[in-house]
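Numbering (this note's numbering), first residue to last: 24 to 357. Even glycine gets a Cβ: it sits at the ideal position worked out from N, Cα and C. Computed from a predicted structure; not experimentally measured.
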């Protein structure tokens, strides 16, 4: 297939691109290489892609999905079978400080993606949503059948908006779309703004770590390889018209949770990092931060039933793989 991957130099985009090249797909990757976190890591990911034996199947373009003229030309120049939209302004707390960045990338950019798919007859649009859309929902585990009308961060609101926009385009223009609500993704080449990355660095340096909500909030941590396998399986299963109990509309539209279906406390996750590092953390216990939620817990029954997949990497295995990668990167830089 010919696949457009937006956010190709990002954490998930990088791993997905490598997996697609492994199976001989042709990939066009775009990324704006912004400085939300160190662009050197994004370049490192691109350098790794450049080493791939099938790199001739990969074209990288530095661009922003919010650039309407560029996006229109990109879709006019290519016939993509599948589009995977992973480009977005990430981060919950950052959205409190820079709301316009989320509007430009997550809303304007997503409209440009939808319009491109509409006018070029893309066979399937797969896009990243987030567990943050569940906000502080009381019912556990979170199900895609639950109402998600109460986001507590602008980031979450933009992701909910993406789902609504995709549903509209699926209904109006018969574009098959699938949204994936990711649950706290971690692993090698991960984002350095994520807690597990910061914790590993601090523990190895002997620095204290900030532990919010006293370490008792729970997360459904999901290892990157599980996420990528789930994305690829979803890519290969184009949705057909689908009805639900709430609407007479029957668009080719799906939503899935991708989570480990086994939430653990932040304290236990830190303990797994300590074990892999062979060092103890100095914990600075702090209250919950604005925009954070106490628990994320994925109901993945729909993913298992319709895609025949369930994430299964244990925290111990996933964390050890990440820490081993981190130590290799550190040794190479010395």
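Grouping DSSP H, G and I as helix and E and B as strand, with all else coil, what is residue 207? coil
How long is the line joining the alpha carbons of residue 34 and residue 213, rounded to whole angstroms? 5 Å
Just to confirm the assignment, what range does the beta strand (DSSP E) spanning residue 29 have? 25-29
Environment of residue 120 [buried if 16+ CB atoms lie within 10 Å]: exposed
Less than 7 Å between the beta carbons of residue 275 and residue 241, yes or no? no
Let me know the secondary structure DSSP gives residue 201 once reduced to three states. strand
Could you tell me whether the stretch 286-299 touches the stretch 225-243, where touching means 3 or more Cβ pairs closer than 8 Å? Here the stretch 286-299 makes contact with the stretch 225-243; the two share three or more CB pairs at distances below 8 Å.
Under 8 Å: do the stretch 103-112 and the stretch 24-43 share three or more Cβ pairs, one atom per stretch? yes
So the alpha helix (DSSP H) residue 247 belongs to, where does it begin and stop? Residue 247 -> alpha helix (DSSP H) spans 247-258.
Quick check: what's the CA-CA separation for residue 28 versus residue 106? Computed Cα separation, rounded: 6 Å.
What is the rounded straight-line gap between the Cα of residue 248 and the Cα of residue 45? 14 Å
Are three or more beta carbon pairs between the stretch 204-220 and the stretch 259-266 nearer than 8 Å? no
Three Cβ pairs or more, each shorter than 8 Å: is that satisfied between the stretch 185-199 and the stretch 323-337? no
Under 8 Å, with one C-beta from each stretch per pair, do the stretch 176-183 and the stretch 62-79 reach the 3-pair mark? no
Three-state secondary structure (DSSP) of residue 220: helix
Entirely enclosed beta strand (DSSP E) segments - the stretch 42-103, minimum 3 residues: 49-54 and 81-85
If we ignore side chains and look at the alpha-carbon of each, how far apart do residue 352 and residue 272 end up? 50 Å
For residue 162, does the three-state DSSP call read helix, strand or coil? coil
Rounded to the nearest angstrom, what separates residue 204 and residue 257 at their Cα positions? 12 Å
Limits of the alpha helix (DSSP H) - the one that residue 135 falls within: Unbroken alpha helix (DSSP H) run through residue 135: 132-143.
Mind the definition here: the stretch 337-345 touches the stretch 293-301 only if three or more C-beta pairs lie below 8 Å; say whether that holds. yes
Using the DSSP secondary-structure output, state which residues sit across from residue 344 in a beta bridge. Looking at the DSSP assignment, residue 344 forms no beta bridge with any residue, so it has no partner.
Under 6 Å from any heavy atom of the ligand PLP, does the C-beta of residue 315 make it? The ligand PLP is not part of the structure shown, which contains no ligands of any sort.
Does the stretch 226-234 come into contact with the stretch 163-177, if we say contact requires no fewer than three beta-carbon pairs (one atom in each stretch) closer than 8 Å? no
Could you tell me which residues DSSP puts in a beta bridge with residue 321? 165
Which of helix, strand or coil DSSP assigns to residue 270: Strand, per DSSP.
Opening and closing residue of the alpha helix (DSSP H) in which residue 185 lies: From DSSP, the alpha helix (DSSP H) with residue 185 extends over 177-196.
To the nearest whole angstrom, what separates the beta carbons of residue 210 and residue 37, a pair I think is in contact under 8 Å? Contact flag wrong, Cβ pair sits at about 11 Å.
By how many angstroms is the C-alpha of residue 130 removed from the C-alpha of residue 167? 21 Å
Cβ-Cβ distance between residue 128 and residue 155 below 7 Å: Result no, Cβ atoms of residue 128 and residue 155 do not sit closer than 7 Å.
Can you tell me whether residue 48 is buried or exposed, with buried defined as 16 or more other CB within 10 angstroms of its CB? buried
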